[in-house]
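Visitor:
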Amino acid sequence: DGGITQSPKYLFRKEGQNVTLSCEQNLNHDAMYWYRQDPGQGLRLIYYSQIVNDFQKGDIAEGYSVSREKKESFPLTVTSAQKNPTAFYLCASSIQGRDTGELFFGEGSRLTVL
Amino acid sequence: RKEVEQDPGPFNVPEGATVAFNCTYSNSASQSFFWYRQDCRKEPKLLMSVYSSGNEDGRFTAQLNRASQYISLLIRDSKLSDSATYLCVVKKQGTGRRALTFGSGTRLQVQP
Numbered sequence: 003d004g005g006i007t008q009s010p011k012y013l014f015r016k017e018g019q020n021v022t023l024s025c026e027q028n029l030n031h032d033a034m035y036w037y038r039q040d041p042g043q044g045l046r047l048i049y050y051s052q053i054v055n056d057f058q059k060g061d062i063a064e065g066y067s068v069s070r071e072k073k074e075s076f077p078l079t080v081t082s083a084q085k086n087p088t089a090f091y092l093c094a095s096s097i098q099g100r101d102t103g104e105l106f107f108g109e110g111s112r113l114t115v116l
Numbered sequence: 141r142k143e144v145e146q147d148p149g150p151f152n153v154p155e156g157a158t159v160a161f162n163c164t165y166s167n168s169a170s171q172s173f174f175w176y177r178q179d180c181r182k183e184p185k186l187l188m189s190v191y192s193s194g195n196e197d198g199r200f201t202a203q204l205n206r207a208s209q210y211i212s213l214l215i216r217d218s219k220l221s222d223s224a225t226y227l228c229v230v231k232k233q234g235t236g237r238r239a240l241t242f243g244s245g246t247r248l249q250v251q252p
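In the order they appear, the protein sequences are chains A and B. Okay, so the first sequence: first residue is 3 according to my numbering, each after it adds one. Okay, so the second sequence: first residue is 141 according to my numbering, each after it adds one.
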């Protein structure tokens, strides 16, 4: 079955530690995205990538980093520079070039900083 | 002013009721509109696109009013399984950066 797999689903981190969230898709989609969701707020775009070896900052990229070495994979690192990292992180993909609003989301990773 | 605004709710309705949500958007250049559904602590999933002439999908009807810059979602004959948060999504021309803007969602609770 095609889909997006995020791991881990739950993660606890101490302040000052970096953590990497995994996102893998087998949908053969070119575009991939990372969003952050906080209670009472809409999804906010962190980073996106439209093609391998290329990625762009979204609206709230500070304190985060990504890589896109393979089409299937788009890991997100939450660095110690991110001041308020506790949130629900969602990875998504879409078919590049299609004028559609359909994003396919993974099940999310819930990060809690202790 | 937020680009996409929704009443957060919750909307508490009995089974079988009809309920409607509105969503307003501020950017008149917005081109495409969508409703996503998000269950508690789950990922969002596309519910339906919103077309200019309005469209139905079973018990769900979506409408667009470009002059007043709002879209609506009507749910008829509510089921317990309709309980979720409904996200309004607006798309500007092009893809990638800032192409999609998500509202913060309207929570619906259908009660027996």
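For each residue, glycine too, the CB sits at the ideal point set by N, CA and C.
What is the rounded straight-line gap between the Cα of B/M188 and the Cα of A/T81?
Guide: 36 Å
Visitor: What does the Cβ neighbour count give for B/K219, buried or exposed, with the cut at 16 atoms within 10 Å?
Guide: exposed
Visitor: Out of B/K231, B/S223, B/T241, B/A239, state which residue places its alpha-carbon closest to the alpha-carbon of B/V159.
Guide: B/S223
Visitor: Output needed for A/P10: all residues of its chain with C-beta closer than 7 Å, excluding positions within five of it in sequence on either side, in chain order.
Guide: The residues S111, in chain order, have a CB closer than 7 Å to that of A/P10 in the same chain once the five nearest residues on each side in sequence are set aside.
Visitor: Which word fits B/P184, buried or exposed, when buried means at least 16 other C-beta atoms lie within 10 angstroms of its C-beta?
Guide: buried
Visitor: What does B/G243 touch in chain A if you count any residue whose Cβ is under 8 Å from its own?
Guide: G44
Visitor: Please confirm if A/G108 has its CB atom under 8 Å from at least one CB of chain B.
Guide: True, the Cβ-Cβ gap to chain B drops below 8 Å.
Visitor: Tell me the start and end of each unbroken beta strand (DSSP E) in the stretch 197 to 240 of chain B that is at least 3 residues and wholly inside, in chain order.
Guide: The DSSP assignment places 200 to 205, 210 to 215, 224 to 231 as complete runs of the beta strand (DSSP E) inside the stretch 197 to 240 of chain B, in order along the chain (cut-off: 3 residues).
Visitor: What would DSSP say about B/V153, mapped onto helix, strand or coil?
Guide: strand
Visitor: Got a sec? Which residues, its chain only, sit under 8 Å from A/Q52 by beta carbon, not counting five neighbours each side?
Guide: D32, A33, Q58, Q98
Visitor: For a cutoff of 8 Å on Cβ pairs, would you count A/L92 as touching chain B?
Guide: yes
Visitor: Indicate the three-state DSSP secondary structure (helix, strand or coil) for A/K59 in the structure shown.
Guide: strand
Visitor: Give me the residue from B/L214, B/W175, B/E145 with the minimum Cα distance to B/T201.
Guide: B/L214
Visitor: Tell me whether B/C272 is buried or exposed, calling it buried when 16 or more other Cβ atoms sit within 10 Å of its Cβ.
Guide: A question about residue 272 of chain B goes unanswered here, because the residues of chain B that appear run from 141 up to 252.
Visitor: Would DSSP call B/E183 helix, strand or coil?
Guide: coil
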